[in-house]
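Below is one structure, written out as structure tokens; comments come after it.
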Amino acid sequence: MNKKDPREVPLDSLASLDEYGDRKYIYPAEIKGFFKNWRNIIHPLFIAFFLILPWIKVNDQQWVLLNLPERKFNIFGLSFWAHDTPMIFFVIAGLLVGLSFVTAVWGRVWCGWACPQTVFIESVFRRIEILVEGNYLARMKLDKAPMDFKKFLKKSIKWSLFLLISLIITHSFLAYFVGTDRLLDMIQHSPKENWTNFLIICITTAIILFDFGWFREQFCLIMCPYGRFQSVLMDKSSLGVFYDKKRGEPRRTKENKDNPSEQGDCINCYKCVSVCPTGIDIRNGLQMECIACTACIDACDEIMEKVNKPKGLIRYASESTLEGNKSNHLRPRTILYAVILVILLSGLTISLLKKESVSFSIIRAVEEPYKVTDTMEGKKEVINHFKVHIQNQSPSQVSTEYHLKDEDSAYQLIAPMNPAITESGAKNWIHFFVKVDLDKFHSTTDRELQIEFKTKGDSVDIDTLKSITLLGPER
């Protein structure tokens, strides 16, 4: 009877759990290789992008800002407000459908290359761990050792650095929601002045410290729903990290090690398992726990070079290509996602083109339609009272001047507030009156005039014409 290899990964439970259901801490081995080198370039770029993005300003406006209390959203220079629900829907739906399309074509490339969970753990927290405690074997030995001064010192340094990084991440994250100016102001003042945001920072820092410092792969396996969605989003033509069973099997064992004709290319070294951050054996096929980080590809390629075998025993592929068929990217699933994505992007584009930076609407005041008054000269005048609703959706304050476009001097516009100042994201009601001598009023019961609005701001310079109708007595 063959003795079970202690390195073998169980198929009926998570690799990070022991037979009693307790957490089994994973110590992934360090690896070098083609994909690792690319991650060493891409991950720092993503981290820098995350940290720098909230500090970028265009026209004195934060380029990306999700101001929930004021219901104002700046996304790459575009300003959205709570009433821009259709556009916000197009943006969110577009991101979801776009992720579905990417998954259908390239599998879980998001998880392995761009997810903040992977990026920060592998390129920041894991590196700190290696710097302070050593490689995976040294860390494993340290955790098993009894507590002494050396272990206490290393753990204290590691967790202090973890806390510092968590605080930096939290403050950068908060800057997306309160703005960098507000964040700097809060840092310089007592927490008593900003209790809500201070508590948010404390709680978020604790969550990040717990997740990136200890929970790690458990979040991907237990809490993140994306891994479960992959069975719906992916099919046989979707790319992923796969083990080539036709080429690798039968694996080298004690029984066949002296008979090369009975061996595949897999030498059963378990190197692919030792480098996996979720602890799975990729040779067992596509699994929910696989985040497509490609660590096993680099590990296997390194071994194949040493045993003079071709690389690619574990590689980016699809089930179709492994079966000898062609992988078709143009299939009903991807075409459907692409069509929906085009529709959503078209809807967003049309909505943006129709979006007015500053909008005007004129309504008649609620009292009687018009008034006839006596002047000091003994003449009679017809006065109409109007209200203008100005809505400023631009990222800056605007000033609006308005006047009658009609050249007939018989009509006079009277405005208590001209020009009118409207703050960014604000609504403004202004009143004005139009009067004309009764004896110059037309014989008809109404007269249409045009009001010209000239609006200027840091990012706005527009002219708008609106029509009004004067009412008066029949003559």
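For what it's worth, this note's numbering labels the leading residue of the sequence shown as 1, then goes sequentially. Note that CB positions come from ideal geometry on N, CA and C, so glycine has one too. In this text, all values refer to a predicted model and were calculated from it rather than measured experimentally.
Beta-carbon gap between residue i and residue j smaller than 9 Å
| i | j | result |
| --- | --- | --- |
| Ala-292 | Gly-213 | no |
| Lys-154 | Val-132 | yes |
| Gln-412 | Val-382 | no |
| Gln-391 | Phe-360 | yes |
| Ala-175 | Pro-54 | yes |
| Lys-271 | Ile-303 | yes |
| Ile-421 | Ser-399 | yes |
| Ile-201 | Thr-180 | no |
| Ile-31 | Ala-206 | no |
| Ile-362 | Leu-404 | no |
| Gln-218 | Arg-108 | no |
| Arg-447 | Phe-441 | yes |
| Tyr-478 | Asp-143 | Residue 478 lies beyond the stretch modelled for the chain, which goes from 1 to 475, so this question has no answer here. |
Exposure of residue i, with buried meaning 16 or more beta-carbon neighbours within 10 Å
| i | result |
| --- | --- |
| Ala-480 | Nothing can be reported for residue 480: it is not among the residues displayed for the chain, which extend from 1 to 475. |
| Pro-86 | exposed |
| Ser-16 | buried |
| Phe-120 | buried |
| Met-1 | Confidence in Met-1 is poor, its pLDDT being 40 and thus under 50, which makes the residue's placement too unreliable to answer from. |
| Pro-34 | Per the sequence shown, residue 34 should be read as Phe rather than Pro. The residue is exposed, with fewer than 16 neighbouring Cβ atoms inside 10 Å. |
| Asp-463 | exposed |
| Phe-76 | exposed |
| Trp-106 | buried |
| Leu-65 | buried |
| Leu-353 | exposed |
| Thr-278 | buried |
| Val-122 | Val is not the amino acid found at residue 122; the sequence shown has Glu there. Answer is buried; the Cβ neighbour count reaches 16. |
| Asp-265 | buried |
Helix, strand or coil at residue i according to DSSP, with G and I counted as helix
| i | result |
| --- | --- |
| Arg-228 | helix |
| Asp-298 | helix |
| Ala-48 | helix |
| Lys-309 | coil |
| Asn-194 | helix |
| Asp-60 | coil |
| Met-1 | In this prediction, Met-1 scores a pLDDT of 40, lower than 50, which makes its location untrustworthy; no coordinate-derived value is stated. |
| Phe-441 | coil |
| Gly-457 | strand |
| Val-436 | strand |
| Val-398 | strand |
| Leu-404 | strand |
| Gln-393 | coil |
| Val-9 | coil |
| Asp-211 | helix |
| Arg-23 | strand |
| Asn-328 | coil |
| Arg-182 | helix |
| Phe-73 | strand |
| Thr-464 | strand |
| Val-342 | helix |
| Ile-31 | coil |
| Tyr-316 | strand |
| His-43 | helix |
| Gln-218 | helix |
| Phe-37 | The amino acid occupying residue 37 in the given sequence is Asn; Phe does not appear at that position. Asn-37 falls in the helix class under three-state DSSP. |
| Lys-380 | strand |
| His-189 | coil |
For this session: Taking only runs that begin and end inside the region 225 to 278, name each unbroken alpha helix (DSSP H) of 4 or more residues, in chain order.
Result: 226 to 233, 245 to 248 and 271 to 274
For this session: Could you pull out every unbroken beta strand (DSSP E) segment of at least 3 residues lying fully inside the region 92 to 163, listed in chain order?
Result: none
Problem set entry | At least three beta-carbon pairs within less than 8 Å, the region 318 to 327 to the region 135 to 144 | no
Exercise. Using 8 Å as the threshold, is the region 341 to 352 in touch with the region 90 to 106, meaning 3 or more CB pairs across them?
Worked result: The answer is yes - the region 90 to 106 touches the region 341 to 352, with three or more Cβ pairs under 8 Å.
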